[in-house]
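Asks:
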Amino acid sequence: MTDTLFDKIIRREIPAQIVYEDADLVAFKDIHPAAPVHVLFVPRKSIATVNDLTNDDAALIGKLVLAASAYAKREGFAESGYRVVFNCNADGGQTVYHLHLHLLGGGPLRVGFG
Ligand code: 5GP
447 MTDTLFDKII RREIPAQIVY EDADLVAFKD IHPAAPVHVL FVPRKSIATV NDLTNDDAAL
507 IGKLVLAASA YAKREGFAES GYRVVFNCNA DGGQTVYHLH LHLLGGGPLR VGFG
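Spelled out as structure tokens, the structure:
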């Protein structure tokens, strides 16, 4: 199992602005925000990419999405809207090979993909 940057953040070996954590996941602010709010929701379990998910991880993925929407509600931008994204592998723009969900919001986002 590869030890990634995000494993080190989860273990508090590298500093990050942690905004939420529970038994399953840690959420912290992206160091290069692509929106007024940009938070990464990272499972404690090391899973490299979306391709490596199994049926056993179905509840865990649900928890990442629910934690993101709960954060958006707490921070007051759930109704105005936001985006949740998993990048997968090189063409998807993934740079850290520890699965993570991007929560982007806090203002209007560029429409479209690509
Ligand atoms: P990916 O490109 O793999 O989907 O997303 C990785 C994200 O991690 C990027 O948005 C990048 O800005 C963020 N990132 C990279 N290094 C660090 C770091 O040291 N700390 C934090 N908080 N975020 C980081």
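Read in order, the letters of the sequence shown correspond to residues 447 to 560 in my numbering.
Glycine is no exception: its CB is placed at the ideal position from the N, C-alpha and C atoms.
1. Could you work out which residue in PHE559, GLY560, VAL557 and GLY552 is closest to LYS475 when comparing CA atoms only?
2. If contacts are defined as beta-carbon pairs under 8 Å, then THR495 and ASN535 qualify, I think. What distance do you get, rounded to the angstrom?
3. What do you get for VAL592, buried or exposed, if any count of 16 or more other CB atoms within 10 angstroms of its CB means buried?
4. Does the beta carbon of VAL542 fall short of 7 Å from some heavy atom of the ligand 5GP?
5. How would you call PHE452, buried or exposed, if buried means at least 16 neighbouring beta carbons within 10 angstroms?
6. Using DSSP bridges, identify the partner residues of VAL530.
7. TYR466 bridges to which residues according to DSSP?
Replies: Answer, in terms of the structure:
1. As a working note, residue 475 is residue 29 in the sequence shown. For LYS475, the nearest C-alpha among the options comes from GLY552.
2. Taking the first residue of the sequence shown as position 1, residue 495 is located at position 49. Taking the first residue of the sequence shown as position 1, residue 535 is located at position 89. So it is a contact: roughly 6 Å between Cβ atoms.
3. With the chain covering 447 to 560 only, the question about residue 592 has no answer from this structure.
4. Here residue 542 corresponds to residue number 96 of the sequence shown, with the count starting at 1. Indeed, a heavy atom of the ligand 5GP lies less than 7 Å from the Cβ.
5. Along the sequence shown, one-based indexing puts residue 452 at 6. Around the beta carbon of PHE452, 16 or more other beta carbons lie within 10 angstroms, which makes this residue buried.
6. On the sequence shown, position 84 is the one that residue 530 refers to. Bridge partners of VAL530: LEU549.
7. Along the sequence shown, read from residue 1 onward, the residue named residue 466 stands at position 20. Per DSSP, ALA473.
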